[in-house]
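**Q** Here it is: the structure, laid out below.
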Amino acid sequence: MARHFALPDADAGTAPPQAPAPVPVDWPAVESWLGLRLPGDYKELVTAYGPLDIGEYVWVHAPCVQRDRFDYGDWLRETHRQTRINSRGAGPDGPPPFHPAPGGLLAWGETRSSAQLFWDTSASDDPDEWPVVLFDWDPYPSPDPDAAPTTRPWYHLGRTATETLTALLTEGIPMDGGGRFGPLPGTARRTAFLPDAAPWTPPPPEPEHDPARRAALSEGSGTAALTTLVPPPPEPYLGDAAADGWEPLFAELGTRLPREYVTLLNTYGAGCWSQWLRFHTPLRRAEGAPGSPSSGDGRGTAGGFVRHVQEANDAYRSLRANWREEYPLAVWPEPGGFLPFANSIDGDVLGWLTEDEDPDRWPLLVWPRHASQGPPLEDTLVETLLAWLRGHFAAPGFAELDEDDDPLDFIGFEPWTDAAYW
Numbered sequence: 271m272a273r274h275f276a277l278p279d280a281d282a283g284t285a286p287p288q289a290p291a292p293v294p295v296d297w298p299a300v301e302s303w304l305g306l307r308l309p310g311d312y313k314e315l316v317t318a319y320g321p322l323d324i325g326e327y328v329w330v331h332a333p334c335v336q337r338d339r340f341d342y343g344d345w346l347r348e349t350h351r352q353t354r355i356n357s358r359g360a361g362p363d364g365p366p367p368f369h370p371a372p373g374g375l376l377a378w379g380e381t382r383s384s385a386q387l388f389w390d391t392s393a394s395d396d397p398d399e400w401p402v403v404l405f406d407w408d409p410y411p412s413p414d415p416d417a418a419p420t421t422r423p424w425y426h427l428g429r430t431a432t433e434t435l436t437a438l439l440t441e442g443i444p445m446d447g448g449g450r451f452g453p454l455p456g457t458a459r460r461t462a463f464l465p466d467a468a469p470w471t472p473p474p475p476e477p478e479h480d481p482a483r484r485a486a487l488s489e490g491s492g493t494a495a496l497t498t499l500v501p502p503p504p505e506p507y508l509g510d511a512a513a514d515g516w517e518p519l520f521a522e523l524g525t526r527l528p529r530e531y532v533t534l535l536n537t538y539g540a541g542c543w544s545q546w547l548r549f550h551t552p553l554r555r556a557e558g559a560p561g562s563p564s565s566g567d568g569r570g571t572a573g574g575f576v577r578h579v580q581e582a583n584d585a586y587r588s589l590r591a592n593w594r595e596e597y598p599l600a601v602w603p604e605p606g607g608f609l610p611f612a613n614s615i616d617g618d619v620l621g622w623l624t625e626d627e628d629p630d631r632w633p634l635l636v637w638p639r640h641a642s643q644g645p646p647l648e649d650t651l652v653e654t655l656l657a658w659l660r661g662h663f664a665a666p667g668f669a670e671l672d673e674d675d676d677p678l679d680f681i682g683f684e685p686w687t688d689a690a691y692w
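Just so we're aligned, residue 271 is where the sequence shown starts under this note's numbering, counting upward by one.
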C-alpha cells in the first residue's frame, strides 16, 4: 500500500510547498518505458508538485524535461552509469546492478552534495515496499569526538521514499558510525533550476548497433577498421581554404605534417570524436588574414590552425617558466618541440614531438591537463585512435570507458562546420 507523503504541520516550522503549475506525467508511458511500476507515493507527490527541492538539500526528480538543463531519461542513464563507476572499489563484490538490469537500483533523487537516492527494486515485487538506498562518499560524523570516522558510500536506509523524506524533515536518519542524515529545514518548493519544466516523452527504443560496427570493435586494423567502426561524413570539412590544399599550411608551419594525419583529415575532416577529442580545423584562414571573411580580398593562408598551435604552446611556455620539472617539453617551433593538433573537452592536448626530420616518424604525445606528463605514445595516430575507441587504450589525460560500458554507445564523430571554434 502506498504511503502518502505529507509535510509536518506548519506549526512545527515547516513551510508547505508553493503551488507551481503541475507538470503532467503520462505514468503508463513512463512505466512502460521503464518496464516497472513506480511507487504510488512518488507518483502522487510528483503529480501534485512536479520536481521538488526538499529541505533545501534533496532534489526529488520527476519525469520532466527542460531544455539544456534536465531530461529525465538522460538523467537516469547518466546517474546509473556514474554511480556504477564511482562505486568501483567500494567493496569486494563490485558495483551493484542498476536498472534496467533485473532488480537493479533505480534513481529518484539526489542531494546538493552529489549523493544519489535509489530504490532497491530487488527488495519486493510491490514497488510501494521498495526501500531507499543512499550512495554518498561524504562521512556522517558521530557527535562523539572519540569515535573513529566512518566513510562508506552505500547506506541501506530501510525506509520507503515517503518514510525517508518525512524522517529527513523531522528527526533525521541515524547512519552507521553514529552520525545522522538530517534533520533538514522544513521546506519544500519547486526545484529552482527547473522553473519551466515540461512534460517528458519517453524516447523510442534504441536501434540495435550495426553488426559490422560491432565486429570492428575486435576485428581489423588501420583505416579500414576505423572507417567501419566510425563511418566518415559524406563531406569532410577541412576549412574555408581547403581548395588551396595543404601546401599553404605546410609553408606557414615550415614543415609538412605526417601523411597519416593528412589522410585521416582528408577522410573525416575536422571534428569531435566521441564527444571528447577535438581535431583542429587544419585549412582555415585566420581571422583578419587575407581571404578571411573580415579581409574581403579573396586571398589567404591557413592561419587558423597555426593560431591554435600558438595559443596552446604559449600557455605551455608560461607554465614551463614556473614549473620546469612538471612541464619539461620543448614546444614548436623549438627544435624537437611539441606541435599540437587536437585537444579534449577537459583541456588535454594531443600532438607530435617534432624530433625527427621525417614527420612520418614523429611520435605522438599527450599533454595531460590533470595528470603528470607521460612518455610518447608507441602507436601511430590511427592505431591510437582505434584502440581508444575500442576501449583498449589508456594514457594519462585520455578519457577511458568503464569496463561495463558498451563502446558503441559512446563512439561517434561530429564533423565541424565553418561555425566551429576549433
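The C-beta atom is built at its ideal place from N, Cα and C for all residues, glycine as well.
Values in this document were obtained by computation on a predicted structure and should not be read as measured data.
Put residue 614 into one of helix, strand or coil per three-state DSSP.
**A** strand
**Q** Among the candidates 531, 385, 590, 601, whose CA atom is the shortest distance from the CA of residue 580?
**A** 601
**Q** Report buried or exposed for residue 541, applying the criterion of at least 16 other Cβ atoms within 10 angstroms of its Cβ.
**A** Per the 10 Å Cβ criterion, buried.
**Q** At which residues does the alpha helix (DSSP H) containing residue 601 begin and terminate?
**A** Residue 601 -> no alpha helix (DSSP H), and no H or E assigned at all.
**Q** Could you check whether the segment 349-361 touches the segment 487-494, counting it as contact only if at least three pairs of C-beta atoms, one from each stretch, sit closer than 8 angstroms?
**A** no
**Q** Is the beta carbon of residue 318 closer than 9 angstroms to that of residue 353?
**A** Contact flag unset, no.
**Q** Please classify residue 380: is it buried, with 16 or more other beta-carbons within 10 angstroms of its beta-carbon, or exposed?
**A** buried
**Q** Kindly identify the DSSP beta-bridge partner or partners of residue 635.
**A** Paired residues: 621.
**Q** Just to confirm the assignment, what range does the alpha helix (DSSP H) spanning residue 327 have?
**A** It is not in any alpha helix (DSSP H) - residue 327 carries neither H nor E in the DSSP assignment.
**Q** List the endpoints of the continuous beta strand (DSSP E) containing residue 387.
**A** 386-390
**Q** Tell me the residue span of the alpha helix (DSSP H) that contains residue 668.
**A** Careful: residue 668 lies outside any alpha helix (DSSP H) and carries neither H nor E.
**Q** When you compare each of 470, 484, 539 to residue 504 by their alpha carbons, which one comes out closest?
**A** 539
**Q** Just tell me which of 526, 345, 680 has its CA closest to the CA of residue 627.
**A** 526
**Q** Indicate the three-state DSSP secondary structure (helix, strand or coil) for residue 682 in the structure shown.
**A** DSSP places residue 682 in coil when its eight states are reduced to three.
**Q** Using the C-alpha atoms, what's the distance from residue 546 back to residue 326?
**A** Straight-line Cα distance between these residues: approximately 34 angstroms.
**Q** Below 8 angstroms on the Cβ atoms is my contact criterion, and I expect residue 553 with residue 612 to pass it. Report the Cβ-Cβ distance as a whole number of Å.
**A** Rounded, the Cβ-Cβ distance is 15 angstroms, inconsistent with contact.
**Q** Please list the terminal residues of the continuous alpha helix (DSSP H) segment that includes residue 300.
**A** 297-304
**Q** For residue 329, which option in 410, 661, 457 has the closest C-alpha, if you only look at C-alpha atoms?
**A** 457
**Q** Report buried or exposed for residue 687, applying the criterion of at least 16 other Cβ atoms within 10 angstroms of its Cβ.
**A** exposed
**Q** In this structure, what does DSSP give as the bridge partners for residue 424?
**A** Beta-bridge pairing links residue 424 to 405.
**Q** Rounded to the nearest angstrom, what separates residue 366 and residue 391 at their Cα positions?
**A** 12 angstroms
**Q** Tell me the DSSP bridge mates of residue 580?
**A** Bridge partners of residue 580: none, in fact.
**Q** Could you check where the alpha helix (DSSP H) with residue 348 kicks off and where it finishes?
**A** It spans 342-356 - the alpha helix (DSSP H) in which residue 348 sits, taken as one unbroken run.
**Q** For the beta strand (DSSP E) holding residue 430, just list the boundary residues, first then last.
**A** In the DSSP assignment, residue 430 falls outside any beta strand (DSSP E) and carries neither an H nor an E.
**Q** With distance defined between alpha-carbon atoms, name the residue in 410, 432, 422 nearest to residue 401.
**A** 432
**Q** Could you give the distance in angstroms between the alpha-carbon of residue 531 and the alpha-carbon of residue 476?
**A** Annotation: residue 531 to residue 476 spans about 33 angstroms, alpha carbon to alpha carbon.
**Q** Tell me, which residues are paired with residue 368 by DSSP?
**A** 375
**Q** Taking all protein chains shown into account, do 16 or more other C-beta atoms lie within 10 angstroms of the C-beta of residue 621, making it buried, or fewer, making it exposed?
**A** buried
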